[in-house]
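Asker: This is the structure I want to talk about, given as structure tokens.
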Amino acid sequence: MSAALSTEIESRLGEVAAICARLGVRRLELFGSATRSASARDLDFLVDLGDRPPGEYAAAYFELREALEALFARPVDLVTPPGLANPYFRQRVEQEKTLLYAA
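Okay, here's the thing in structure tokens:
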């Protein structure tokens, strides 16, 4: 776990795992400013929702975002692996990401 990962996030890892398990998330990783500073205004997550029909995928995506926003009381941005098409963005995410959940 990153040294800069806030105790707020660390203290809620059990709740994060429960949300991810309920929604069938394969992996959830934190990246962005929250990996460097506890005072980040929003949280950026890389999420792997696996293969599922489009309707189920969308439902899980939005339910996950809403659940994480409610848990952390701040805006959440979710990025999926196809969203890493830009090589510069992908490199930044790869350098910063911190694993929070893996099924």
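The sequence shown begins at 9 in the working numbering and counts up one residue at a time. A virtual CB, placed ideally from N, CA and C, is assigned to each residue, including glycine. Being a predicted model, the structure only gives us computed values, none of them experimental.
1. Run through DSSP, which three-state label would V33 get?
2. In chain order, what residues of the same chain lie with their CB nearer than 8 Å to the CB of F80, ignoring the 5 residues before and after it?
3. So what does DSSP say about T106, is it helix, strand or coil?
4. Can you give me the Cβ contacts of A75 inside the same chain, cut-off strictly under 6 Å, excluding the 5 residues immediately before and after it?
5. Just to confirm my understanding: we take Y65, look at its own chain, exclude 5 residues before and 5 after, and list those with CB closer than 7 Å. What are they?
6. Residues in its own chain within less than 7 Å of S10 by CB, not counting five upstream and five downstream?
7. So, are the CB atoms of L31 and E71 less than 8 Å apart?
8. Using only alpha-carbon positions, find the residue among A111, A110, R98 and Y109 that is nearest to G40.
9. Kindly indicate the opening and closing residues of the alpha helix (DSSP H) around L72.
Answerer: On the basis of the data shown:
1. In the three-state DSSP reduction, V33 falls in the coil class, being neither helix nor strand.
2. The residues are E16, I17, R20 and L51.
3. T106: strand per DSSP, three-state reduction.
4. Within the same chain, I27 come within 6 Å of A75 by CB-CB distance, once the 5 residues on both sides are set aside.
5. In the same chain as Y65, and ignoring 5 residues on each side of it, the C-beta atoms closer than 7 Å to its own belong to L57, in chain order.
6. Because the pLDDT of S10 is 49, which lies under 50, any placement of that residue in the model is unreliable, and the number read from its coordinates should be weighed accordingly. For S10, the CB contacts under 7 Å within the same chain, skipping 5 residues up- and downstream, are T43 and T106 in chain order.
7. Cβ distance < 8 Å, so L31 and E71 count as in contact.
8. Here the closest residue by C-alpha is R98.
9. Taken as a continuous stretch (DSSP letters only), the alpha helix (DSSP H) holding L72 covers P62 to F80.
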